[in-house]
Amino acid sequence: MLLSALCWLACLPGYAAATGALDLTGRPVDPFANPAKVRVLVFVRTDCPITNRYAPELKRLAAEFAGRGVEFWLVYADASEKPTAIQSHVNEYGFPGKPVRDPDHV
1078 MLLSALCWLA
1088 CLPGYAAATG
1098 ALDLTGRPVD
1108 PFANPAKVRV
1118 LVFVRTDCPI
1128 TNRYAPELKR
1138 LAAEFAGRGV
1148 EFWLVYADAS
1158 EKPTAIQSHV
1168 NEYGFPGKPV
1178 RDPDHV
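Here my numbering is used: the first residue of the sequence shown is 1078, the next is one more, and so on.
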């Protein structure tokens, strides 16, 4: 029941503004600010072999749903991962979507 309530709260305007997500320059970013039909939040790490093996499938899904109002976001929740390493990871594996950091696990 509590989980359902939290999911509904996340849909409310203003609630999402407190996401705590940061772009790679350290500025706050709100993945829920743009009107999208669907937002796909993929939680990743630069050193995760499963994440890295999943890159081709994420690219395929992003291509399949391009133009249908679907946004892909890569959420790096490990506070020790540096923005330069994250950008290198995105470039190396060709991940689709926008990378964001969530160092406070909000």
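We put the beta carbon where it would ideally sit given N, CA and C, even for glycine.
Just so you know, these numbers come straight off a predicted model, no measurement behind them.
Proximal residues to residue i (C-beta, below 7 Å), its chain only, five neighbours per side dropped
{"i": "residue 1172", "result": "1132, 1135 and 1151"}
{"i": "residue 1166", "result": "1123"}
{"i": "residue 1097", "result": "1179, 1181 and 1183"}
Strand pairing of residue i, partner residues [DSSP]
{"i": "residue 1138", "result": "Beta-bridge pairing links residue 1138 to no other residue."}
{"i": "residue 1152", "result": "1120 and 1177"}
Rounded Cβ spacing between residue i and residue j (contact assumed at less than 8 Å)
{"i": "residue 1104", "j": "residue 1155", "result": "About 19 Å separates the two Cβ atoms, so there is no contact after all."}
{"i": "residue 1163", "j": "residue 1170", "result": "Contact flag wrong, Cβ pair sits at about 11 Å."}
Beta-carbon contacts of residue i that lie in its chain and below 8 Å, excluding the five residues immediately before and after
{"i": "residue 1099", "result": "1105, 1106, 1177, 1178, 1179 and 1180"}
Best match in the options for proximity to residue i [C-alpha to C-alpha]
{"i": "residue 1149", "options": "1159, 1116 and 1102", "result": "1116"}
Neighbourhood of residue i by C-beta distance below 6 Å, restricted to the same chain and skipping five residues each side
{"i": "residue 1119", "result": "1151"}
Buried versus exposed call for residue i [16 or more other C-beta atoms within 10 Å across all chains shown]
{"i": "residue 1128", "result": "buried"}
{"i": "residue 1146", "result": "exposed"}
{"i": "residue 1108", "result": "buried"}
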